[in-house]
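For the record, the sequence lines run as chains A and B. Mind the numbering: the first sequence is residues 173 to 561 in this note's numbering, read in order. Mind the numbering: the second sequence is residues 8 to 217 in this note's numbering, read in order. For glycine and all other residues, C-beta sits at the position ideal for the given N, C-alpha and C. Scroll down for the structure; my scribbles are underneath it.
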Amino acid sequence: MSYSPLPLEPRNQIDAPSSPVARFGPDAPLVMDAGIALAPWQIAYQTYGTLNADKSNAVLVCHALTGDQHVANVSPVTGKPGWWSTMVGPGRPVDTDRFFVICSNVIGGCSGSTGPASLDPATGRPHNLNFPVLTIRDMVRAQAALIDRLGIASLFCVLGGSMGGMQVLQWAATYPERVFSALPIATAARHSAQNIAFHEVGRQAIMADPDWRGGRYLDEGTRPSKGLGVARMGAHITYLSELALHRKFGRNYQDRSAPTFSFDADFQIESYLRYQGLSFVERFDANSYLYVTRAMDYFDLAADHGDHLARAFKGSPTRFCVISFTSDWLFPTSDSRAIVHALNAAAASVGFVEVESDKGHDAFLLEEPEMFAAARGFIDAAARARGLT
Amino acid sequence: MTEMHAVDTATARLDFLLLADMVAPGSKVLDIGCGDGTLLSLLRDRKGVDGRGIEISREGVNACLAKGLPVIQGDADTDLADYPDDAFDYVILSQTIQATRQPKIVLEHLLRIGRRAIVSFPNFGHWRVRLDLLVNGRMPVTDNMPYSWHDTPNIHFCTIRDFLTLCTEVGAQMERAAALDAGGKPVRMMLPWWAWNMLGEQAVFLLKRR
């Protein structure tokens with residue numbers, strides 16, 4: 173049997189990651205929205221800092237679509253710094269000298285938590301498309317099981333951007349008493365039609381790749397790199413802004429001074445996107461991409477509460493701070509305002525700031541001093557309110 | 008709550024102290040145009056108020072978040088419609104009504120969202136403003152109104168008398184009123200309206216739906 177789904181290192185990370193793993197057996201199945209009790213299952217995570225004596229300083233960071241648990245350490249796969257090491261670390265807004273920070277890989281992911289590429293012990297084969305379609309709430313249930321396992325009753329703060337922000341909102345709605353403060357960034361309480369549309373294009377690209385093999389590429393020793401690469405290229409455009417693309421690339425040619433009258437990557441932007449696609453397929457599993465995008469599509473917090481988003485937060489004791497970016501057209505400010513509006517209607521404590529940036533949706537992952545200032549101010553004030561030093 | 012922010016009485020703005028005096032302890036307050044959150048902090052720390060704020064500037068919102076105040080970035084002219092009726096005990100509009108595009112609609116929202124509204128504004132009827140116009144024939148620029156006519160955010164100045172007329176139009180009942188001099192000290196109470204309108208550099212009104 174030949175496996176060539178991914179290069180060796182990311183493939184190793186799927187079942188035996190270089191992170192602590194919480195394993196749950198048949199006695200503790202993950203009960204999923206699809207009506208399936210998944211067992212056994214596991215969740216991989218990283219921690220930073222020290223849990224204090226009364227376990228009141230724990231922070232949960234939720235990652236976005238293609239993120240992982242390596243929020244503030246060098247990635248074992250890419251060798252690059254943690255994906256949010258500007259936000260999380262010693263002296264950062266999420267200060268690991270003060271807080272005990274947890275970040276776990278989402279269920280359905282491919283960095284050590286159970287997902288479609290994980291081996292199903294019942295068959296000895298990867299789950300592939302037999303893996304249940306999952307939801308944001310399933311991801312949050314899995315995280316809650318991990319937090320229980322770590323003996324933490326209530327989290328000081330739950331934060332994240334994009335899909336991470338969806339998890340933050342789900343946490344606050346599902347476990348209000350366990351979330352002291354919540355910081356959802358560049359996110360929405362429901363995935364828009366336009367966003368579902370982009371995801372569908374990405375999924376169709378993957379499934380149109382003959383090497384996808386009906387989802388059984390791991391068994392058949394192939395790899396839908398072309399499809400996954402195209403999916404990533406399309407998605408990557410939605411993370412930027414027209415202005416940022418123009419500023420960075422304009423109509424500049426790539427290593428040439430004139431068009432070649434071919435379909436080669438004449439333009440820098442083409443070359444850049446191809447590179448983004450190529451590097452992505454080296455670290456991410458195609459079926460995971462299908463499952464995790466689907467979970468985002470299904471996210472509609474209001475629908476779970478009689479179409480009234482405010483009801484999701486009724487009586488919430490959580491302090492919220494919502495952040496959006498002016499040039500984010502994937503999760504525009506109007507999405508954040510809908511959250512703020514609902515929190516206001518629910519009489520919850522909420523702050524909101526729209527950060528001026530031309531970097532599009534990706535701004536939340538980048539050097540944005542205004543975002544850091546707002547996050548730091550909110551977190552520090554919440555820490556004082558919680559009696560943390 | 009273990010949050011404490013000492014407020015120095017000596018440096019607290021006199022008009023804020025006067026506003027705070029109109030607010031019942033432990034009540035729920037929305038401060039529209041809350042700036043850096045000075046008044047909200049004062050209300051929280053002195054009166055145990057559950058305070059919320061709306062502020063248009065990013066710097067102001069960030070300053071408020073750093074004080075632990077739940078403040079959202081927004082615009083009085085567009086965002087008040089989203090708030091339900093009677094959501095707050097008091098809605099405060101401090102030195103902001105003159106900067107709104109539609110003061111009447113804003114005032115109506117105040118009276119709808121809050122059981123009471125507190126409005127303070129610079130009085131364009133003050134004798135120095137009148138004198139400036141009369142003598143110099145120019146739009147006045149004072150400590151209280153520091154902008155030139157062409158770059159001012161204050162697009163709807165009014166006098167105390169004008170504001171009283173607006174209150175009648177929107178069906179607001181005045182429960183308390185105070186005129187302040189340049190230093191923020193209340194003008195002596197036993198004066199007729201025309202005298203207040205001459206001597207008050209600022210005015211503060213506590214209003215209720217009729």
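Please report the distance separating the alpha-carbon of residue i from that of residue j.
| i | j | result |
| --- | --- | --- |
| A:P192 | A:A314 | 15 Å |
| A:D391 | A:P288 | 12 Å |
| A:D552 | B:F95 | 27 Å |
| A:G171 | A:E539 | There is simply no residue 171 of chain A to check, as chain A begins at 173 and stops at 561 in what is shown. |
| B:L198 | B:M205 | 11 Å |
| A:K531 | A:T505 | 14 Å |
| B:L187 | B:G207 | 5 Å |
| A:A358 | B:L72 | 18 Å |
| A:R474 | A:Y389 | A quick correction: the sequence has Ala, not Arg, at residue 474 of chain A. C-alpha separation (whole angstroms): 37 Å. |
| B:V194 | B:L214 | 19 Å |
| A:A377 | A:H408 | 14 Å |
| A:P489 | B:V211 | 34 Å |
| A:V527 | A:R183 | 38 Å |
| A:K398 | A:C282 | 19 Å |
| B:W203 | B:T103 | 20 Å |
| B:Y90 | A:H371 | 34 Å |
| A:W501 | B:W200 | 53 Å |
| A:A520 | A:Q342 | 15 Å |
| B:T9 | B:P77 | Model confidence at B:T9 stands at a pLDDT of 32, short of 50, so the residue's coordinates are unreliable; what they give is reported in the following sentence. Whole-angstrom Cα-Cα distance: 16 Å. |
| A:P348 | A:A365 | 28 Å |
| A:M311 | A:A518 | 25 Å |
Buried or exposed: which applies to residue i, given that a residue is buried once 16 or more other Cβ atoms fall within 10 Å of its Cβ?
| i | result |
| --- | --- |
| A:N424 | exposed |
| A:R419 | exposed |
| B:D38 | buried |
| A:G261 | buried |
| A:W256 | buried |
| A:P198 | exposed |
| A:L450 | exposed |
| A:S334 | buried |
| B:R108 | exposed |
| A:A361 | buried |
| B:M172 | Sequence check: residue 172 of chain B is Thr here, not Met. Answer is exposed; the Cβ neighbour count stays below 16. |
| A:A354 | buried |
| A:S285 | buried |
| A:D507 | buried |
| A:D479 | exposed |
| B:H157 | exposed |
| B:A189 | exposed |
| A:R195 | exposed |
| B:A185 | buried |
Can you tell me which of the options puts its alpha carbon nearest to the alpha carbon of residue i?
| i | options | result |
| --- | --- | --- |
| A:Q185 | A:L327, A:S290, A:T219 | A:S290 |
| A:G422 | A:D438, A:T432, A:A403 | A:D438 |
| A:S276 | A:F303, A:L322, A:P298 | A:L322 |
| A:Y220 | A:F272, A:D226, A:A194 | A:F272 |
| A:V243 | A:P253, A:S443, A:L237 | A:P253 |
| B:A70 | A:L560, A:A545, A:P541 | A:A545 |
| B:G178 | B:D139, B:V211, B:I112, B:F128 | B:I112 |
| B:G33 | B:L24, B:Q105, B:G55, B:G42 | B:G55 |
| A:G523 | B:I61, B:R51, B:D57, B:R20 | B:I61 |
| B:L49 | B:R59, B:A31, B:L24 | B:L24 |
| A:G487 | A:A316, A:G478, A:L515 | A:L515 |
| A:G559 | A:R270, A:F536, A:H480 | A:R270 |
| A:G332 | A:G207, A:R375, A:R491, A:L537 | A:L537 |
| A:G207 | A:R309, A:A294, A:A547 | A:R309 |
| B:I162 | B:D57, B:F131, B:R137, B:A184 | B:F131 |
| A:V233 | A:F550, A:V203, A:M204, A:G336 | A:G336 |
| B:G191 | B:D158, B:F170, B:D150, B:G121 | B:D150 |
| B:Q180 | B:L118, B:A27, B:T85, B:F128 | B:L118 |
At a cut-off of 7 Å, would you count residue i as near the ligand MG, judging by its Cβ distance to the nearest heavy atom?
| i | result |
| --- | --- |
| B:V78 | Absent from the structure shown: the ligand MG. Ligands present: none. |
For the region 540-558 of chain A, which residues have a CB atom closer than 9 Å to at least one CB atom of chain B, in sequence order? So the list reads E542, A545, A546, A547, R548, G549, F550, D552, A553, A554, R556, A557, R558, given in the order they occur along the chain.
Could you please tell me which residues of the region 518-532 of chain A, in chain order, have their CB closer than 8 Å to any CB of chain B? So the close ones are A519, S521, V522, G523, F524, V525, E526, V527, E528.
What alpha helix (DSSP H) runs, 4 residues minimum, are completely inside the region 46-111 of chain B? Those alpha helix (DSSP H) runs which fall completely within the region 46-111 of chain B and span 4+ residues are 65-73, 83-86.
Unbroken stretches of the beta strand (DSSP E), 3 residues or longer, contained in the region 204-272 of chain A: Within the region 204-272 of chain A, the complete beta strand (DSSP E) segments of 3 residues or longer fall at 213-220, 230-234, listed in chain order.
Taking a Cβ distance cut-off of 8 Å, strictly less, list which residues of the region 86-107 of chain B are near chain A, in chain order. Listed by position, the residues of the region 86-107 of chain B near chain A (Cβ gap below 8 Å) are D89, Y90, P91, A94.
Entirely enclosed alpha helix (DSSP H) segments - the region 113-201 of chain B, minimum 4 residues: As far as the region 113-201 of chain B is concerned, its whole alpha helix (DSSP H) runs of at least 4 residues are 134-138, 167-176.
Which residue spans inside the region 271-302 of chain A form an unbroken alpha helix (DSSP H) run of at least 4? Qualifying alpha helix (DSSP H) stretches: none in this window.
For the region 499-518 of chain A, which residues have a CB atom closer than 7 Å to at least one CB atom of chain B, in sequence order? Within the region 499-518 of chain A, contact with chain B at the beta-carbon level (separation under 7 Å) is assigned to V512, H513, N516, A517.
Residues in the region 67-87 of chain B having any Cβ partner in chain A nearer than 9 Å: For the region 67-87 of chain B, which is checked against every Cβ of chain A, the residues closer than 9 Å are V68, N69, A70, C71, L72, A73, K74, G75, L76, P77, V78, I79, Q80, G81, D86.
Looking at chain A, which residues of the region 31-61 of chain B have a Cβ within less than 9 Å of any of its Cβ atoms? Look at the region 31-61 of chain B: the residues with a C-beta under 9 Å from a C-beta of chain A are K35, D57, R59, G60.
Extract the residue ranges of the alpha helix (DSSP H) inside the region 303-366 of chain A, only unbroken runs of 4 or more that lie entirely within it. Taken in chain order, the whole alpha helix (DSSP H) runs of length 4 or more contained in the region 303-366 of chain A are 308-321, 335-346.
Run through the region 503-539 of chain A for me and flag every whole beta strand (DSSP E) of 3 or more residues, listed as ranges in chain order. Counting only runs of 3 or more, we get 521-527.
Residues within the region 104-137 of chain B neighbouring chain A, beta-carbon criterion of under 7 Å: Listed by position along the chain: nothing, the set is empty.
Residues, ordered as in the chain, of the region 312-334 of chain A that lie near chain B by beta-carbon distance below 9 Å: The region 312-334 of chain A vs chain B, Cβ under 9 Å: nothing.
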